Every structure is written in structure tokens, then in C-alpha cells.
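Here the structure is laid out as C-alpha cells; the discussion comes afterwards.
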């Protein structure tokens, strides 16, 4: 039996509103997903009943807050199948997770002449930190090319690998095109030359089953707000032995064992990388988001989203002037497109006038857009609470806009 989408939609208060006099159709899920009532309740409940700093208090509120905080870490461990909860670090999100690796692993292990490999598909957050590191260290940044469908050319990647390769940092699923990269093959090839691998899981974590042990990645970065959770929160998985080899990211409380004016010794993982008071409330409420996904089942969510993507392609491909962008064989539920000779922003504004929320522009992937010869695209991205009837409204809106242009 399929998911009860009407019932699921009832769990999300924000969806039940009008925009410009039209029912909201929210197709901007690759930017951020909406939050179920359970997440909102968990956030409020923490501040109303359990607000306290964690780990060092000797009173009931501190004990409760600490327990709930660490229960979220354990929930993430199981969600991505990490070997242990200590291999999960809390960060502000995918961007900070990548920067953490660049600033710690990169600073310690990357030397002059070493090489880091990324792909043409990357978000700016998986480009700029490596450029900064390479400039600082005198290392070389290499970029895996893609074909016109938006898929990496694996054979070219294999040619890039050498003993100089220290790290491969690659997106699991493209935020701009939806392309799912063959990351298991990438990881195996990189490990064969002794390189570590970081996966940008910002998009894949909400659409695909994630098993970091099966993937064998060294790092996996993700964001809570792409997973029906709160903003300003994410995580970084890392293999214990890799984390333990890395210096701390920031100095302060929690990340220390003992401090003297002569020398400081550092805490065990994960606390070694969690200096200062963390985002306690959002961490605790994030568990409600994970519970929501687990209750529905990742496989059921993916099946629904795949059906929506196929239906959207079928409907929109019939429209004269519709130009799909990114036609990889393996995709998550992201549909990028343009309408012949129209600026993406104009299309987005016209859709918004009909209550349809999409993302327009370069999607923080300017090098990818340059490779495709585009200024940007219109991006519709689908989540578990979206429906075919909403896609019908999108198709109607795109068709109307295309007719205006074709007159």
C-alpha cells in the first residue's frame, strides 16, 4: 500500500496557506524541506520544560537535556548505519562539515604538490573550501568532467587518480540537476590509491538509503533542514580512526580534557570537535524529523518521489519550449529546466504569482552552469508531501508561460 499523502500533508502546518490568493504549491524542497508538527512541538517542548546546558550539569533539567541530545546522535548513527554514535559530530550543516574537514584533515595531511579531486557538479560549499586549502598549501585542485546529461565521466576520474591524491570530495546527489553519482565506485577507486573520500550528502540523505559502512566513505556531510528538521544544524560522519588522527576544529569548552597555561589535552571524539554550547534545542527536535522519516520508510518515500519525478517529466515534456536540464539515468526528485528564451527568474516570478514556489538561478553551482552554457535554471524539487495534482498545477503554469513567450 502506498503512502497516504493527504494524511502526511496534514502534519505540515505551513502547507495550508494561500500565496497571492492561490493554495501554496511548495516545490523548493532541495533548498529546504518543511517541518512536521512533531518537530515544532519538540522544539517548543525543550524550551518550555527542559532548557539547560548539557553534559556538565548536576540537576534534573541538565540530565534530561543531555539524554535527549545524545539520543539524537544515536538516532543519526542508526539512520546512516555508522558503527558507533561517536562517529557523528554535530555542526551547523553540510557547509560547516566540509569546512571542518578542510581545516583539520586538510591542514594536517595535505602538503605542497598534493591533489584534491572534486567534480563539475559541486555546490560552491564543496568547491571554495578546497580552493582555499590548495592556495594555502600549494596543492592542486582537479575537477572531474561531466557529459551533457550531467553525469560524471568516470573514466576521466580514474585517469586523475595517483599517489598524489589525498582526498576526493564529491556530491552524492546534485542539488542543481538531481544526478546521483556512482559513489561506491568512486570510493573504491580513491581508496585504491590511498585517498580519503568525503561525500556531500545534503541532498542524498533525504532521498536515498544511506549506509556509510557499505559505502565505505571516510566522511559524510549532511544538513537537518533538508531532512524535515531545523535550520542551522547538520552533521559530519567520520570513521573513528580518521577523526582521531585529525586536530580539533575550534578551541573552547567541551572539546578539552584538561587545560593548563602550559598545555591543553583534548577530549575524545565526538566532543573533540564540538567546542562550546551546541545548538541543543535544534539537535533535540531533529530526532522528531528522523522519527518521521523512519515511520514512513525511506523506500516508500523514494518510491513516491520517483513517481512524482517521472510524472513531472511526462507532463512537462509535452510543453512546447520546455527544455529539461540534467537528464542523468540515476536521479533524485529534482527537475531543472528552462523555457525557451526566457530568463529563469522571470519564470519563477510568474509561477509564484500562481502560488507555486520553485528555485531559480545558478543554485550555488556557477561552474556547473558555465559548463552547461547556462545562466541558470528553474528548479522544481519534490518531497514526500507533494502530489501529482500539484504537478498538474506546475504543468499548467509552465504551459501558460511558454504560450506567452511563443506568441
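Residue numbers (my numbering): 5 to 411. We put the beta carbon where it would ideally sit given N, CA and C, even for glycine. Keep in mind it's a predicted model, so treat the numbers as computed, not measured.
Inset, instruction - With a floor of 3 residues, list each beta strand (DSSP E) that falls wholly inside the region 173-238, ordered by position along the chain. - result: 200-204 and 223-227
Inset, instruction - Return yes when the Cβ of residue 173 is within less than 8 Å of the Cβ of residue 122, no when it is not. - result: Mapped onto the chain shown, residue 122 falls at position 118. Mapped onto the chain shown, residue 173 falls at position 169. Yes.
Legend entry - Whole-angstrom C-beta distance between residue 405 and residue 225, which should lie under 8 Å: Here residue 225 refers to the residue found at position 221 of the chain shown. Here residue 405 refers to the residue found at position 401 of the chain shown. With a Cβ gap of about 36 Å, residue 225 and residue 405 do not count as contacting.
Inset, instruction - Use the C-beta contact count for residue 408: other C-beta atoms within 10 angstroms, 16 or more gives buried, fewer gives exposed. - result: In the chain shown, the residue the question calls residue 408 occupies position 404. Residue 408 comes out exposed.
Inset, instruction - Buried or exposed for residue 353, please, with buried defined as at least 16 other CB atoms from any protein chain shown within 10 angstroms of its CB. - result: By 1-based counting over the chain shown, the position of residue 353 is 349. Residue 353 is exposed by the Cβ-count criterion.
Legend entry - Simplified DSSP state of residue 166, which is helix, strand or coil: Here residue 166 refers to the residue found at position 162 of the chain shown. Coil.
Legend entry - Given residue 200 as reference, the closest of 207, 190 and 387 once Cα atoms are compared: As a position in the chain shown, residue 200 is number 196, starting the count at 1. The shortest C-alpha separation from residue 200 is found at 190.
Legend entry - In DSSP terms, what residue 327 is bridged to: The residue labelled residue 327 in the question sits at position 323 within the chain shown. Bridge partners of residue 327: 342.
Inset, instruction - Please confirm whether residue 337 and residue 381 have their CB atoms less than 8 Å apart. - result: To locate residue 337, count along the chain shown from 1; it is residue 333. To locate residue 381, count along the chain shown from 1; it is residue 377. Their beta carbons are not under 8 Å apart, which means residue 337 does not touch residue 381 by this criterion.
Inset, instruction - Return the chain-ordered list of same chain residues with a C-beta closer than 7 Å to the C-beta of residue 256, the five sequence neighbours on each side being excluded. - result: Along the chain shown, one-based indexing puts residue 256 at 252. 279 and 280, listed in sequence order.
Inset, instruction - Would you mind sorting residue 112 into buried or exposed? The rule is 16 or more other CB atoms within 10 Å of its CB. - result: Locating residue 112 in the chain shown gives position 108, counting from the first residue. Result: exposed.
Inset, instruction - Have a look at residue 147 and residue 51 and give me their C-alpha separation to the nearest angstrom. - result: In the chain shown, counting from the first residue as 1, residue 147 sits at position 143. In the chain shown, counting from the first residue as 1, residue 51 sits at position 47. In a straight line, the C-alpha of residue 147 is about 46 Å away from that of residue 51.
Inset, instruction - Classify residue 301 as buried or exposed, calling it buried when 16 or more other Cβ atoms lie within 10 Å of its own Cβ. - result: Looking up residue 301 in the chain shown gives position 297. Its Cβ having fewer than 16 others within 10 Å, residue 301 is exposed.
Inset, instruction - Figure out for me which residue from 389, 270 and 120 has the closest Cα to the Cα of residue 306. - result: Indexing the chain shown from 1 puts residue 306 at position 302. The shortest C-alpha separation from residue 306 is found at 389.
Inset, instruction - Check whether the Cβ atoms of residue 74 and residue 81 sit closer than 8 Å, and answer yes or no. - result: Counted from its first residue, the chain shown places residue 74 at position 70. Counted from its first residue, the chain shown places residue 81 at position 77. Their beta carbons are not under 8 Å apart, which means residue 74 does not touch residue 81 by this criterion.
Legend entry - Segment contact flag, the region 22-38 with the region 359-375, C-beta cutoff 8 Å, min 3 pairs: yes
Inset, instruction - Please confirm if the region 8-20 is in contact with the region 245-262, defined as three or more CB-CB distances below 8 Å between the two stretches. - result: no
Legend entry - the region 176-193 / the region 203-223 touching (three or more Cβ pairs under 8 Å): yes
Inset, instruction - Would you tell me roughly how many angstroms separate the C-alpha atoms of residue 392 and residue 335, rounded to the nearest one? - result: On the chain shown, position 388 is the one that residue 392 refers to. On the chain shown, position 331 is the one that residue 335 refers to. When rounded, the distance between both Cα atoms is 18 Å.
Inset, instruction - Sort out for me which residues DSSP pairs residue 146 with in a bridge. - result: Residue 146 sits at position 142 when you count from the first residue of the chain shown. 121, per the DSSP bridge assignment.
Legend entry - With 16 other Cβ atoms within 10 Å as the buried cut-off, status of residue 129: If you number the chain shown from 1, residue 129 lands on position 125. Looking at its Cβ environment, which holds 16 or more other Cβ atoms inside 10 Å, residue 129 is buried.
Legend entry - Boundaries (first-last residue) of the beta strand (DSSP E) holding residue 93: Taking the chain shown and counting its residues from 1, the one referred to as residue 93 is at position 89. Per DSSP, residue 93 belongs to the beta strand (DSSP E) from 92-95.
Legend entry - contact_flag[the region 228-239, the region 286-300] where n(CB pairs < 8 Å) is 3 or more: yes
Legend entry - Exposure of residue 20, with buried meaning 16 or more beta-carbon neighbours within 10 Å: Reading the chain shown from its first residue, position 16 is the one you call residue 20. Label assigned to residue 20: exposed.
Legend entry - Span of the beta strand (DSSP E), counted from its first residue to its last, around residue 261: Sequence index remark: in the chain shown, residue 261 carries index 257 (1-based). 260-263 is the extent of the beta strand (DSSP E) around residue 261.
Legend entry - Cβ-based burial, residue 60 [other Cβ within 10 Å; buried from 16]: As a first step, residue 60 must be located in the chain shown, where it is residue number 56. Under this definition residue 60 is an exposed residue.
Inset, instruction - Look at the Cβ atom of residue 114, then the Cβ atom of residue 143, and state whether they are nearer than 8 Å. - result: For the purposes of this step, residue 114 is taken as residue 110 along the chain shown, with counting starting at 1. For the purposes of this step, residue 143 is taken as residue 139 along the chain shown, with counting starting at 1. Yes; because the gap between Cβ atoms is below 8 Å, this pair is in contact.
Legend entry - Paired residues, beta bridge with residue 385 - DSSP: In the chain shown, counting from the first residue as 1, residue 385 sits at position 381. For residue 385, which the question treats as bridged, DSSP gives the partners 32 and 338.
Inset, instruction - Express the C-alpha separation of residue 91 and residue 85 in angstroms, rounding to a whole number. - result: By one-based count along the chain shown, residue 85 stands at place 81. By one-based count along the chain shown, residue 91 stands at place 87. Going from the Cα of residue 85 to the Cα of residue 91 covers about 10 Å.
Inset, instruction - Using a threshold of 8 Å, state whether the C-beta atoms of residue 343 and residue 402 are closer than that. - result: As a first step, residue 343 must be located in the chain shown, where it is residue number 339. As a first step, residue 402 must be located in the chain shown, where it is residue number 398. Yes. Within cutoff.
Legend entry - Within the region 41-103, ranges of the alpha helix (DSSP H) (whole runs, at least 4 residues): 41-49 and 64-84
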